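Participant:
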Amino acid sequence: MTNQNGQATIPSRTGPSAPRGPPLPTTTALYGACVLRLSTLFVRTLREDPADAEVPSHRLLVRAGYIRRAAPGGFTWLPLGWMVYRNVERVIREEMDRAGFQEVHFPALLPREPYETSGRWTEYGDSLFRLKDRRGNDMLMAPTHEELFTLLVKDLYSSYKDLPLWIYQIQTKYRDEARPRAGLLRGREFVMKDSYSFDIDDAGLDESYQQHRKAYIRTFDRLGLPYVIVGAVSGAMGGSHSEEFLAPLDAGEDEFVRCENCDYAANTEAVQMPVAAPVPYDDAPAAKVLDTPDTPTIATLVDLLNARDDLARSDRPWGAADTLKNVLMMVRQPDGERRPLAIGVPGDRELDLKRLEAQLHPGEPQPFTEEDFAAHPSLVKGYIGPGALGEANGVRYLVDPRVADGSRWVTGANAKSAHVAGLVAGRDFNADGMIDATVIADGDQCPACGGRLRIARGVEIGHIFQLGRKYAEAFGLTVLDADGKQVTVTMGSYGIGVSRCVAAIAEATLDDLGLCWPAAIAPADVHVVIAGKPGSDQFPAAEALAVELEAARARVLLDDRVGVSPGVKFADAELLGMPTIVVVGRGLADGLVEVRDRRSGERSDVPLDDVVALVTTR
RNA sequence: CGGGGAGUAGCGCAGCUUGGUUAGCGCACCUGCUUUGGGAGCAGGAGGUCGCGGGUUCGAAUCCCGCCUCCCCGACCA
Numbered sequence: 229m230t231n232q233n234g235q236a237t238i239p240s241r242t243g244p245s246a247p248r249g250p251p252l253p254t255t256t257a258l259y260g261a262c263v264l265r266l267s268t269l270f271v272r273t274l275r276e277d278p279a280d281a282e283v284p285s286h287r288l289l290v291r292a293g294y295i296r297r298a299a300p301g302g303f304t305w306l307p308l309g310w311m312v313y314r315n316v317e318r319v320i321r322e323e324m325d326r327a328g329f330q331e332v333h334f335p336a337l338l339p340r341e342p343y344e345t346s347g348r349w350t351e352y353g354d355s356l357f358r359l360k361d362r363r364g365n366d367m368l369m370a371p372t373h374e375e376l377f378t379l380l381v382k383d384l385y386s387s388y389k390d391l392p393l394w395i396y397q398i399q400t401k402y403r404d405e406a407r408p409r410a411g412l413l414r415g416r417e418f419v420m421k422d423s424y425s426f427d428i429d430d431a432g433l434d435e436s437y438q439q440h441r442k443a444y445i446r447t448f449d450r451l452g453l454p455y456v457i458v459g460a461v462s463g464a465m466g467g468s469h470s471e472e473f474l475a476p477l478d479a480g481e482d483e484f485v486r487c488e489n490c491d492y493a494a495n496t497e498a499v500q501m502p503v504a505a506p507v508p509y510d511d512a513p514a515a516k517v518l519d520t521p522d523t524p525t526i527a528t529l530v531d532l533l534n535a536r537d538d539l540a541r542s543d544r545p546w547g548a549a550d551t552l553k554n555v556l557m558m559v560r561q562p563d564g565e566r567r568p569l570a571i572g573v574p575g576d577r578e579l580d581l582k583r584l585e586a587q588l589h590p591g592e593p594q595p596f597t598e599e600d601f602a603a604h605p606s607l608v609k610g611y612i613g614p615g616a617l618g619e620a621n622g623v624r625y626l627v628d629p630r631v632a633d634g635s636r637w638v639t640g641a642n643a644k645s646a647h648v649a650g651l652v653a654g655r656d657f658n659a660d661g662m663i664d665a666t667v668i669a670d671g672d673q674c675p676a677c678g679g680r681l682r683i684a685r686g687v688e689i690g691h692i693f694q695l696g697r698k699y700a701e702a703f704g705l706t707v708l709d710a711d712g713k714q715v716t717v718t719m720g721s722y723g724i725g726v727s728r729c730v731a732a733i734a735e736a737t738l739d740d741l742g743l744c745w746p747a748a749i750a751p752a753d754v755h756v757v758i759a760g761k762p763g764s765d766q767f768p769a770a771e772a773l774a775v776e777l778e779a780a781r782a783r784v785l786l787d788d789r790v791g792v793s794p795g796v797k798f799a800d801a802e803l804l805g806m807p808t809i810v811v812v813g814r815g816l817a818d819g820l821v822e823v824r825d826r827r828s829g830e831r832s833d834v835p836l837d838d839v840v841a842l843v844t845t846r
């Protein structure tokens, strides 16, 4: 049999009863049937960028025909995209299995009840996809599966001898994101690998966590994905220790810091500044009230201090960092109650709302309104000082870690147009506690070594944390220990965004010409371009080469399209991004083909006979 | 949810201000011929409820009202 291009073929696998579809190409060996042919591959590359894609990976994945948008926040995987996806999934699965995790699979469509028990039916709010079945029962599309994993283990296990247990699944998750964006990076439907460890005690949990951390390092290394492991906040999940794997990419939504000197790295939300060392204050003069008209802001206050000769410092001019700014807000508790909170920070610092929320969770900071001022007459807007704050005054007062015992401050005197100078922390006032929620700036001090911090953005590709007993307690997951006592199991929870990884890898590897896949996850190892007229020697030679390559266990994508000019084929080869491009063209007359490295752009003419060896040893 | 931008053929866009032949251009697609190492040429085609609903008008892609969707920034996000 031959097809219209004169290629030898073998009958379709589905047999004569399935007359439609192109015949499978002939191949000699087991492997050869897998040659991907661009002439029949279900793909269409676009010359122009889609208008609705901004982020480079999104743009190129659509342009190269890997994915298509099918729903708000939902994408269809085309054959090439699905191959990449499956390769990513395969690497993750292999590393999970190798690390000793066992794969299970839950439904994505779940009843309300377990999520009611954990409290997340309400806590998750609008992000949860809810629906009713025909009987009117509440159901949900699972955003994550902690509840089900916990219940499953409770269902089957009841002895310490069964632990530790490590299980995982790779499952589609659903979240009604307010704003899906950047293609696969934030969708409303996405695939996640989530795994859980179950241990009898904290030492076991720590061991499980460390093993998992190692497995993630191996996984992301194999995926060819650059990443930084950063300290993270555990958020609503509770738990003591939590780290994120961030791919450092501008398209990312997370902001993190890295130290120039040491290996400190943390999500900006999770940075914890060290508490400043106490300063001796035995010889400090008494605090002095100043008449400071028209100084409702830090800037106006500093100007006034520097304008008055009687207040001049001997060492240097006054700066904003010498002032203590007291920021008021109301904190709404989960029960609905609003309580006032004041936070004292050096005047040159601003509060970071995200960091603040992370620290106040589950409380929610709200602005301090005019009505709130009216309800607290002792608080004078623009002139608030520690004297009117603190639990004794009904306003909880937390200060920045830089406000060390013995440090001296200019701050509000709680009267219009008055400030107080030389107020000594620990002598003249005491806060109710510390809070570290100021904006982290590029160049700030590293909390670990004092070096300079650098800020960057990243995509959260993995998150590991020690969940602890929150879910085990909620669902009564206990086992009997060696003494026959009921003990609550402690859990770890670990996630990798599988579909997100595809976009992150694309984003991390692409260049001006197109996608540029790492070998481990590329749809094919070699892209063979036939640059010759139909009927020319190039066609049969390239066909033979493709089969040879397959036999040598290389995965081949063959551009056997007829009537497509070489320029188009080259551009498509670069756009599609296989690691190696082999051009069978005019050099063939001399027995040569051109081998190109997609990433470096390096090209060399090699004898046809050497190609297989060259490509398979790359 | 707040702010900004945009919905016209598979993709990218023009037309709208000032209503009026059969809604246009490039790419992609189909047929034929030519071409074949960097997104080919010529000729001929197919493809559109102009986001949806209502209104104004003799007449609406164009004007008015309502809604929906998409993109960006922010808020939100185990």
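Using the working numbering, read the first sequence as starting at 229 and increasing by one per residue. All residues carry an ideal CB built from backbone N, CA and C; glycine is no exception. From a predicted model like this one, the values you see are computed outputs, not experimental measurements.
Residues in the same chain with beta-carbon distance under 7 angstroms from S436, minus the five sequence neighbours each way, listed in chain order, please.
Facilitator: In the first sequence, the residue the question calls residue 436 occupies position 208. Same-chain partners within the cutoff: P392, W394, S425, D427, G720.
Participant: Answer yes or no: do L288 and L785 have a C-beta to C-beta separation smaller than 9 angstroms?
Facilitator: Here residue 288 refers to the residue found at position 60 of the first sequence. Here residue 785 refers to the residue found at position 557 of the first sequence. For L288 and L785, no; Cβs fall outside 9 angstroms.
Participant: Note down, in chain order, each residue of its chain lying with its Cβ closer than 6 angstroms to the Cβ of M324, except the 5 sequence neighbours on either side.
Facilitator: Counted from its first residue, the first sequence places residue 324 at position 96. If we look at M324 and ignore the five residues flanking it on each side, its Cβ neighbours are Y396.
Participant: Helix, strand or coil: which one does DSSP assign to R265?
Facilitator: Within the first sequence, residue 265 is the residue found at index 37, counting from 1. Strand at R265.
Participant: Comparing alpha-carbon positions, which option in P335, T372, E497 lies nearest K179?
Facilitator: Outside the modelled stretch of the chain, which goes from 229 to 846, sits residue 179, for which no answer is possible.
Participant: Would you give the residue range spanned by the alpha helix (DSSP H) that R536 belongs to?
Facilitator: As a first step, residue 536 must be located in the first sequence, where it is residue number 308. No alpha helix (DSSP H) contains R536, which DSSP labels as neither H nor E.
Participant: Across the region 505-517 and the region 721-728, are there enough close Cβ pairs to call them in contact, namely three or more that are closer than 8 angstroms?
Facilitator: Verdict: no, contact absent.
Participant: Please tell me whether R636 and D739 are closer than 9 angstroms, where the distance is taken between their beta carbons.
Facilitator: In the first sequence, counting from the first residue as 1, residue 636 sits at position 408. In the first sequence, counting from the first residue as 1, residue 739 sits at position 511. Contact: no.
Participant: Pairing CB atoms from the region 367-381 with CB atoms from the region 304-317, are three or more of them under 8 angstroms?
Facilitator: The region 367-381 is not in contact with the region 304-317.
Participant: Does the beta-carbon of F329 have 16 or more other beta-carbons within 10 angstroms, so that it is buried, or is it exposed?
Facilitator: For this step, residue 329 is matched to residue 101 along the first sequence. So F329 ends up on the buried side.
Participant: Counting beta carbon pairs with one atom in the region 468-483 and one in the region 681-692, are three or more of them shorter than 8 angstroms?
Facilitator: These segments touch.
Participant: Leaving out five residues before and five after S645 in sequence, what residues of the same chain have Cβ atoms less than 8 angstroms from its Cβ?
Facilitator: Within the first sequence, the letter at position 417 stands for residue 645. The answer, listed in chain order, is D519, T520, P521, D522, T523, Y611.
Participant: I'd like the list of long-range same chain contacts for E331, defined as Cβ closer than 8 angstroms, with 5 residues on each side in sequence excluded.
Facilitator: Position 103 of the first sequence holds residue 331. So the qualifying residues of the chain are R321, M324, D325, I395, Y396, Q397, I398.
Participant: Which residues mark the beginning and the end of the alpha helix (DSSP H) in which F377 is found?
Facilitator: As a working mapping, residue 377 is identified with position 149 in the first sequence. Per DSSP, F377 belongs to the alpha helix (DSSP H) from 374-384.
Participant: Can you tell me whether A464 is buried or exposed, with buried defined as 16 or more other CB within 10 angstroms of its CB?
Facilitator: Here residue 464 is taken as the residue at index 236 of the first sequence, counted from 1. Residue confidence for A464 is low, a pLDDT of 45 falling below 50, so the modelled location carries little weight and cannot support an answer.
Participant: Does the beta-carbon of L708 have 16 or more other beta-carbons within 10 angstroms, so that it is buried, or is it exposed?
Facilitator: Here residue 708 refers to the residue found at position 480 when the first sequence is read from its first residue. Looking at its Cβ environment, which holds fewer than 16 other Cβ atoms inside 10 Å, L708 is exposed.
Participant: Tell me which residues share the same chain as A370 and place their Cβ nearer than 6 angstroms to its Cβ, disregarding the 5 neighbours each side in the sequence.
Facilitator: In the first sequence, counting from the first residue as 1, residue 370 sits at position 142. A336, L338, listed in sequence order.
Participant: Work out the CA separation of I724 and K421 for me, nearest whole Å.
Facilitator: On the first sequence, position 193 is the one that residue 421 refers to. On the first sequence, position 496 is the one that residue 724 refers to. If you take the alpha carbons of K421 and I724, they lie about 5 angstroms apart.
Participant: Leaving out five residues on either side along the sequence, give the residues of the same chain with a beta carbon under 6 angstroms from the beta carbon of S606.
Facilitator: Indexing the first sequence from 1 puts residue 606 at position 378. Excluding sequence neighbours, S606 sits near A616.
Participant: Taking the alpha carbon of A505 as the point to measure from, which residue in A653, I733, Y352, L695 has its own alpha carbon closest?
Facilitator: Mapped onto the first sequence, residue 505 falls at position 277. Here the closest residue by C-alpha is A653.
Participant: For the alpha helix (DSSP H) that contains V319, what are its first and last residues?
Facilitator: For the purposes of this step, residue 319 is taken as the residue at position 91 of the first sequence. V319 -> alpha helix (DSSP H) spans 307-326.
Participant: Can you list, in chain order, the residues of its chain with a C-beta nearer than 8 angstroms to that of Y385? Leave out the 5 residues immediately preceding and following it.
Facilitator: Reading the first sequence from its first residue, position 157 is the one you call residue 385. Excluding residues within five positions, the ones whose Cβ falls inside 8 angstroms are L391, L393, F426, V707.
Participant: Rounded to whole angstroms, what's the CA-CA distance from R450 to V319? Just pull it up for me.
Facilitator: Locating residue 450 in the first sequence gives position 222, counting from the first residue. Locating residue 319 in the first sequence gives position 91, counting from the first residue. Their Cα atoms are separated by approximately 7 angstroms.
Participant: Rounding to the nearest angstrom, what Cα-Cα distance links E592 and F798 in this structure?
Facilitator: In the first sequence, residue 592 corresponds to position 364, counting from 1. In the first sequence, residue 798 corresponds to position 570, counting from 1. C-alpha separation (whole angstroms): 55 angstroms.
Participant: Take A570 as the anchor and find which of C487, N621, G353, W546 has the nearest alpha-carbon.
Facilitator: Translated into positions along the first sequence, residue 570 becomes position 342. Comparing Cα positions, the closest option is N621.
Participant: Closest to G293 by CA distance: which of P751, P614, A602 is it?
Facilitator: What you label residue 293 is simply residue 65 of the first sequence in a count that begins at 1. With distances taken between Cα atoms, G293 lies closest to P751.
Participant: Give the straight-line distance between the Cα atoms of T268 and D787, rounded to the nearest whole angstrom.
Facilitator: Along the first sequence, read from residue 1 onward, the residue named residue 268 stands at position 40. Along the first sequence, read from residue 1 onward, the residue named residue 787 stands at position 559. Taking the straight line from one Cα to the other gives about 10 angstroms.
Participant: Run through the DSSP bridge pairs and tell me what Q561 is partnered with.
Facilitator: Here residue 561 refers to the residue found at position 333 when the first sequence is read from its first residue. Per DSSP, none; premise fails for Q561.
Participant: Please classify K442 as buried or exposed, where buried requires at least 16 neighbouring CB atoms within 10 angstroms.
Facilitator: If you number the first sequence from 1, residue 442 lands on position 214. Exposed is the call here.
Participant: Mind reading off the beta-carbon distance from T447 to V419? Whole number of angstroms is fine, and I expect it under 8 angstroms.
Facilitator: The residue you call residue 447 lines up with position 219 of the first sequence. The residue you call residue 419 lines up with position 191 of the first sequence. 15 angstroms between Cβ atoms; not a contact.
Participant: When you compare only the Cα positions, how much space is there between P253 and D825?
Facilitator: Reading the first sequence from its first residue, position 25 is the one you call residue 253. Reading the first sequence from its first residue, position 597 is the one you call residue 825. Here P253 scores only 46 on pLDDT, less than 50, and its place in the model should not be relied on; the value that follows carries that caveat. Those two C-alpha atoms are separated by around 27 angstroms.
Participant: May I have a chain-ordered list of the alpha helix (DSSP H) segments no shorter than 4 residues that lie completely inside the region 714-777?
Facilitator: As far as the region 714-777 is concerned, its whole alpha helix (DSSP H) runs of at least 4 residues are 726-737.
Participant: When you compare only the Cα positions, how much space is there between A817 and P794?
Facilitator: By one-based count along the first sequence, residue 817 stands at place 589. By one-based count along the first sequence, residue 794 stands at place 566. Spanning the two alpha carbons is a distance of roughly 17 angstroms.
Participant: Consult DSSP for Y343 and reduce its assignment to one of helix, strand or coil.
Facilitator: Here residue 343 refers to the residue found at position 115 when the first sequence is read from its first residue. If DSSP states are grouped into helix, strand and coil, Y343 belongs with the helices.
Participant: Three-state secondary structure (DSSP) at P574?
Facilitator: What you label residue 574 is simply residue 346 of the first sequence in a count that begins at 1. Three-state DSSP puts P574 in a strand.
Participant: Roughly how many angstroms separate the alpha carbons of K382 and L705, rounded to a whole number?
Facilitator: For the purposes of this step, residue 382 is taken as residue 154 along the first sequence, with counting starting at 1. For the purposes of this step, residue 705 is taken as residue 477 along the first sequence, with counting starting at 1. Approximately 5 angstroms between the Cα atoms of the pair.
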